[in-house]
Amino acid sequence: DAKTTQPPSMDCAEGRAANLPCNHSTISGNEYVYWYRQIHSQGPQYIIHGLKNNETNEMASLIITEDRKSSTLILPHATLRDTAVYYCIVRGFGNEKLTFGTGTRLTIIP
Amino acid sequence: DTAVSQTPKYLVTQMGNDKSIKCEQNLGHDTMYWYKQDSKKFLKIMFSYNNKELIINETVPNRFSPKSPDKAHLNLHINSLELGDSAVYFCASSQATVTAKETQYFGPGTRLLVL
């Protein structure tokens with residue numbers, strides 16, 4: 001699976017959009033981009049995933065660049081409960097496991 | 001209505017003991033996993049079972065033995081516990097992986113402390 005690179009930490013003001021970048025320049029054609037988050041040592045929580053089109057659900061939006069080498073997770077109106085470590089993971093066909101990196105520690109500032 | 005549940009939530013034990021952690025999912029999934037998160041917060045897969053068959057074993061010491069009595073349960077038995085086994089263990093489940101679209105859902109974790 002392709003490796004990912006994320007900034008180690010970010011801050012965002014409460015109520016603003018949080019934009020979390022991820023670089024996955026070695027991604028291959030059948031690999032999906034997944035985002036999970038972990039709130040204070042709870043179990044990782046699935047957020048969203050995509051292949052090449054932008055995706056949106058009730059939690060977030062995922063913007064994938066046209067060359068698929070990077071993506072951005074957008075939390076449109078961040079709340080204090082969004083403070084967590086966010087993991088960007090690339091996962092390919094036939095690969096059952098999720099390979100977690102170090103993620104981005106997002107802190108929402110009141 | 002917990003989707004993936006684990007017991008116990010906390011486990012404190014002495015070195016050398018044998019202990020088990022249980023996991024159950026009520027999502028009707030075919031595949032279950034065990035992950036380990038160490039003190040540095042690195043989260044790594046240990047095992048994966050699909051329909052009660054082992055499909056991933058990530059070079060975990062053979063003191064760790066997963067057991068899947070049915071596809072809704074995946075238990076983790078650890079023999080001769082060592083200090084380095086102290087960690088948080090997460091169970092997860094998903095539908096069988098076909099296209100890499102299948103999402104994994106995680107349990108709340110079991111915090112193991114070996115003294």
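Going down the list, the protein sequences come from chains A and B. 1 is the number of the first residue of the first sequence in this note's numbering; add one for each residue after it. 1 is the number of the first residue of the second sequence in this note's numbering; add one for each residue after it. Even for Gly, the Cβ is constructed at its ideal location relative to N, Cα and C.
Practice prompt. Determine, using beta carbons only, whether Tyr34 of chain A and His24 of chain A come nearer to each other than 8 Å.
Written response: no
Fill in: Nearest-angstrom Cβ-Cβ length linking Ile89 of chain A and Tyr46 of chain A, presumed shorter than 8 Å
Not confirmed; about 10 Å, so no contact.
Discussion item. Considering only their Cβ atoms, is the gap separating Tyr89 of chain B from Thr36 of chain B smaller than 8 Å?
Written reply: The sequence shown places Lys at residue 36 of chain B, not Thr. Result yes, Cβ atoms of Lys36 of chain B and Tyr89 of chain B sit closer than 8 Å.
Worksheet item: Based on the DSSP output, what are the partners of Glu31 of chain A in its beta bridges?
Response: Answer by DSSP bridge pairing: none, since Glu31 of chain A is not bridged.
Discussion item. Checking 8 Å against the spacing of the C-beta atoms, do Asn79 of chain B and Ser20 of chain B come in under that value?
Written reply: no
Worksheet item: What did DSSP end up calling Gly50 of chain A once you bin it into helix, strand or coil?
Response: strand
Fill in: Completely contained alpha helix (DSSP H) runs for the segment 34-96 of chain B, where each covers 4 or more residues
none
Fill in: Span separating the alpha-carbon of Asp82 of chain A from that of Phe100 of chain A
19 Å
Practice prompt. Put Arg111 of chain B into one of helix, strand or coil per three-state DSSP.
Written response: strand
Worksheet entry | Min CB distance Gly43 of chain A to chain B below 8 Å | yes
Worksheet item: Gln104 of chain B and Ser93 of chain B look like a contact to me (Cβ under 8 Å); what is the Cβ gap, rounded to whole Å?
Response: 7 Å
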